[in-house]
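Worksheet: the structure to be examined is printed underneath.
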Amino acid sequence: MGRGAVGPPSRYSRRVVANVDRLRRDKGLTVGELLSRAGMTKSYYQSRAGFSLPYNTNDIEALAAALGVTPEEVASPETTARSEMRVAAAPLAARVRRLVQSQAAAEDDLLEHLADVDPLLADNARALLDAVSHTVVLDEEVLPLIAHWADVPTEYLTDYTDATVTDRTDAQLELRDAMRAAGASSIRFRALGEMSPDALRAIAHSLRSGPDDT
882 MGRGAVGPPS RYSRRVVANV DRLRRDKGLT VGELLSRAGM TKSYYQSRAG FSLPYNTNDI
942 EALAAALGVT PEEVASPETT ARSEMRVAAA PLAARVRRLV QSQAAAEDDL LEHLADVDPL
1002 LADNARALLD AVSHTVVLDE EVLPLIAHWA DVPTEYLTDY TDATVTDRTD AQLELRDAMR
1062 AAGASSIRFR ALGEMSPDAL RAIAHSLRSG PDDT
């Protein structure tokens, strides 16, 4: 069964995280550009976007300045309508299935988890996984919540054209698979530190190869 760093985030936390990402997209900024403007490190941002820790008031002010909006626009998502976004169905569904596999779970496990948080989000995820069209419309909250469930960086789903995030996360998933096959029952990405994708893949290969017989 998949699990993130903490229990399911509150609706307010989900809305703030989704609001930051929506404002970023509206401004045409990549995650890297937003972090550079806000003076945040990627690991710091990922811990907030991934619901491990909440944004504090200084974060809200820095993000607002970087986005060219008021702190109230960032921190008060209830004043804005819940929004949706259209995404490419096939590549995103493939990533979600890869995350389900990495948790040694079934798609129904993910859907049940989302339904416990908000049935609408479970319906969104089901629509993505069952999509037969090229694109699908999703609620802005669903992708960060799936990433939280799978314990991966949020950008792996919300900014999946970022080659650096993709390469590192794919390498971490390979290592997670190898560690589970070797008998580890719980693997968290935060325990892997800042190792390069090549180093992660080398460890995964070593685990799969078994002990040296020489």
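The working numbering puts the sequence shown at residues 882 to 1095. Glycine included, every Cβ here is placed at the ideal spot set by N, Cα and C. Note that the structure is a prediction, hence the values are computed from the model and not measured.
Report the CB separation of residue i from residue j in whole angstroms; it is logged as a contact under 8 Å.
i: T1035; j: A970; result: The Cβ separation is near 19 Å, so there is no contact.
i: L1002; j: V1023; result: 5 Å
i: A1059; j: A1083; result: That belief does not hold up - the Cβ atoms of A1059 and A1083 are roughly 11 Å apart, past 8 Å.
i: A956; j: I941; result: 5 Å
i: S894; j: P935; result: 6 Å
i: D997; j: P1078; result: Contact flag wrong, Cβ pair sits at about 33 Å.
i: L991; j: W1030; result: 6 Å
Compare the Cα-Cα distances from residue i to each of the options and report the closest residue.
i: A974; options: V1018, S933, P935 and A1059; result: V1018
i: G931; options: I1027, D1079, D1058 and T951; result: I1027
i: V950; options: V968, E1055 and D907; result: D907
i: T1047; options: S917, A946, R896 and L980; result: L980
i: D1040; options: R895, R1057, G913 and S891; result: G913
i: A1080; options: Q1053, R892 and P958; result: Q1053
i: A899; options: P958, E942, T1045 and D940; result: P958
i: R892; options: D999, A1062, P1078 and N937; result: D999
i: L1056; options: P889, S983 and L995; result: S983
i: L916; options: T1050, A946, G1064 and A1063; result: A946
i: D1011; options: A996, H1029, H994 and D989; result: D989
i: R1089; options: A986, V1013, A996 and R1061; result: R1061
i: E954; options: P1078, D902 and T1050; result: D902
i: R896; options: P1025, M1076 and Y1037; result: P1025
i: M966; options: P1078, L1038, H1029 and A996; result: L1038
i: G1064; options: Q927, R929, A985 and A943; result: A985
i: M1076; options: R905, L944, N937 and S924; result: S924
Check residue i in the structure and name its three-state DSSP category.
i: E965; result: strand
i: R884; result: Because R884 sits at a pLDDT of 42, beneath the cut-off of 50, its placement in the model cannot be relied upon, and the following sentence gives the value as read from the coordinates. In the structure shown, R884 sits in coil (DSSP, three-state: anything other than H, G, I, E or B).
i: V971; result: First, the amino acid is wrong: residue 971 is Ala here, not Val. Helix at A971.
i: D989; result: helix
i: M1076; result: coil
i: A947; result: helix
i: S957; result: coil
i: D1040; result: coil
i: D1094; result: With a pLDDT of 48 at D1094, under the threshold of 50, the modelled position of that residue is not reliable, and the figure given next carries that caveat. Looking at D1094 - three-state DSSP - the assignment turns out to be coil, as it is neither helix nor strand.
What are the start and end residues of the alpha helix (DSSP H) that includes residue i?
i: D1020; result: Taken as a continuous stretch (DSSP letters only), D1020 belongs to no alpha helix (DSSP H), being part of the beta strand (DSSP E) at T1016 to D1020.
i: A1059; result: A1044 to A1062
i: D841; result: Lying outside 882 to 1095, the shown extent of the chain, residue 841 is not represented and no answer is given.
i: Q927; result: K923 to A930
i: A919; result: V912 to A919
i: P1000; result: P1000 to L1010
i: L904; result: R892 to D907
Is it right to say residue i is buried, meaning 16 or more other beta carbons lie within 10 angstroms of its own, or is it exposed?
i: R976; result: buried
i: T922; result: exposed
i: N1005; result: buried
i: T1045; result: exposed
Check whether the Cβ of residue i sits closer than 7 Å to any heavy atom of the ligand SAH, and report yes or no.
i: L904; result: Only the bare structure without any ligand can be found here, which leaves the ligand SAH out of the picture.
Got a sec: is the Cβ-Cβ distance from residue i to anything in chain D below 8 Å?
i: Y893; result: Of the chains in the structure shown, none is chain D; there is only one protein chain.
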